[in-house]
Amino acid sequence: MTELTNILFSEVNIVLSILLIILILYWIVTMIGGLDFEPDFDFDIDVDIDADVDSGIEGGNMDFEDISNTEINQEDIVDKRRKPLKWWQIFLIYFNFVGLPFMFTFTFWIFVWWFITAITTALTYTYDHFLGFAIMIIAFFPALIVTKVLTNPFKSFFKNLNKDGDAPIDYLGRKATLLSSISEEKMGNAEVKVNGDSMSIYVKSLTGEPLPYGASILIIKRSADHNYYLVQSYNE
Numbered sequence: 003m004t005e006l007t008n009i010l011f012s013e014v015n016i017v018l019s020i021l022l023i024i025l026i027l028y029w030i031v032t033m034i035g036g037l038d039f040e041p042d043f044d045f046d047i048d049v050d051i052d053a054d055v056d057s058g059i060e061g062g063n064m065d066f067e068d069i070s071n072t073e074i075n076q077e078d079i080v081d082k083r084r085k086p087l088k089w090w091q092i093f094l095i096y097f098n099f100v101g102l103p104f105m106f107t108f109t110f111w112i113f114v115w116w117f118i119t120a121i122t123t124a125l126t127y128t129y130d131h132f133l134g135f136a137i138m139i140i141a142f143f144p145a146l147i148v149t150k151v152l153t154n155p156f157k158s159f160f161k162n163l164n165k166d167g168d169a170p171i172d173y174l175g176r177k178a179t180l181l182s183s184i185s186e187e188k189m190g191n192a193e194v195k196v197n198g199d200s201m202s203i204y205v206k207s208l209t210g211e212p213l214p215y216g217a218s219i220l221i222i223k224r225s226a227d228h229n230y231y232l233v234q235s236y237n238e
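FYI, the numbering used here numbers position 43 of the sequence shown as 45, with every residue one higher than the one before it.
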């Protein structure tokens with residue numbers, strides 16, 4: 003037991019071991035405390051898209067929660083009608099950090115990276131040697147590939163769930179309140195109340211008619227990519 007502890011908390015493995023422990027504690031607290039599936043902080047993806055492209059991130063930036071839960075297909079990346087994505091955006095998409103909840107994929111990756119590094123350094127007795135650091139750095143890339151393979155089957159599962167792990171809510175035909183003004187291709191947010199809970203969704207004007215902040219709207223239909231809703235003015 004002492005030898006195992008020395009390996010896992012050696013100079014080479016201690017960073018990944020501590021990070022993995024933090025992630026395990028995060029998931030335990032999440033399950034016990036009923037916290038959100040994703041951490042609540044903003045992260046601008048900064049993807050510029052032409053107005054005629056049918057995408058949920060059209061006309062503005064997405065926050066971290068959106069990019070963590072939005073599935074972007076490979077054909078969207080190479081679409082000639084949109085500007086090329088930056089290398090790190092393609093990186094996140096390719097290795098399933100986009101398309102699956104970010105923390106889910108991130109935890110998978112850290113575990114695989116930690117496992118490869120710990121096993122390899124233990125077998126080669128380099129867990130307290132400078133060669134162990136080289137092994138850890140090299141393991142970074144195989145860990146990403148293994149993570150992509152292991153997480154691919156979960157795409158179909160998460161695609162049918164919302165960010166809280168419940169069955170998707172049917173917003174069609176519901177009334178909502180705009181949290182930002184929208185017009186033509188400009189998108190915004192709207193608040194929908196379902197069973198006493200307030201939900202925020204991305205919306206776009208069905209006819210292109212300008213709709214001001216605070217306006218009452220009716221949700222008409224969902225976009226083809228399921229990332230936003232088309233709405234119109236609603237007068238009670």
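Ideal placement from N, C-alpha and C gives every residue a C-beta, glycine not left out.
Predicted model only: the values in this text are computed from it and were never measured.
Would you mind sorting residue i into buried or exposed? The rule is 16 or more other CB atoms within 10 Å of its CB.
i: Leu146; result: buried
i: Pro144; result: exposed
i: Gly198; result: exposed
i: Gly58; result: Because the pLDDT at Gly58 is just 37, under 50, the model does not fix this residue reliably, and the point stays unresolved.
i: Tyr215; result: exposed
i: Val151; result: exposed
i: Ala178; result: buried
i: Ala192; result: buried
i: Trp89; result: exposed
i: Val205; result: buried
i: Gly134; result: buried
i: Asp38; result: Residue confidence is low: Asp38 scores 46 on pLDDT, short of 50, so the model does not pin down where it sits. Its coordinate-derived value is still stated next. Exposed is the call here.
i: Thr149; result: buried
i: Leu1; result: This structure leaves residue 1 out entirely; the chain is present only between 3 and 238.
Following the continuous alpha helix (DSSP H) through residue i, name the residue where it begins and the one where it ends.
i: Val114; result: 104 to 125
i: Thr149; result: 132 to 153
i: Thr96; result: According to the sequence shown, residue 96 is Tyr rather than Thr. It spans 89 to 96 - the alpha helix (DSSP H) in which Tyr96 sits, taken as one unbroken run.
Classify residue i as helix, strand or coil using the three-state DSSP reduction.
i: Glu5; result: helix
i: Ser19; result: helix
i: Val49; result: Model confidence at Val49 stands at a pLDDT of 39, short of 50, so the residue's coordinates are unreliable; what they give is reported in the following sentence. Val49: coil per DSSP, three-state reduction.
i: Tyr231; result: strand
i: Tyr28; result: helix
i: Leu220; result: strand
i: Ile171; result: coil
i: Asn237; result: coil
i: Ser277; result: Residue 277 lies beyond the range of the chain shown here (3 to 238); nothing can be said about it.
Could you spell out the range, first to last residue, of the beta strand (DSSP E) harbouring residue i?
i: Leu181; result: Premise fails: Leu181 is in no beta strand (DSSP E) and is neither H nor E.
i: Lys195; result: 190 to 196
i: Leu208; result: Note, Leu208: premise wrong, no beta strand (DSSP E); not H, not E.
Should residue i and residue j be called a contact, given that it needs their Cβ atoms to be closer than 8 Å?
i: Leu208; j: Ser185; result: no
i: Ile219; j: Val196; result: no
i: Leu22; j: Ile140; result: no
i: Gly240; j: Leu174; result: Because the chain here runs from 3 to 238, residue 240 falls outside it and cannot be looked at.
i: Ser200; j: Ala217; result: no
i: Leu102; j: Thr153; result: yes
Return yes when at least one heavy atom of the ligand FAD lies under 7 Å from the C-beta of residue i, else no.
i: Ile139; result: Among the ligands in the structure shown, none appear at all, so the ligand FAD cannot be discussed.
Examine the Cβ distances between the region 106 to 124 and the region 5 to 23 and report whether three or more of them are shorter than 8 Å.
yes
Take every Cβ of the region 91 to 111, pair it with every Cβ of the region 128 to 135, and state whether three or more of those distances are shorter than 8 Å.
no
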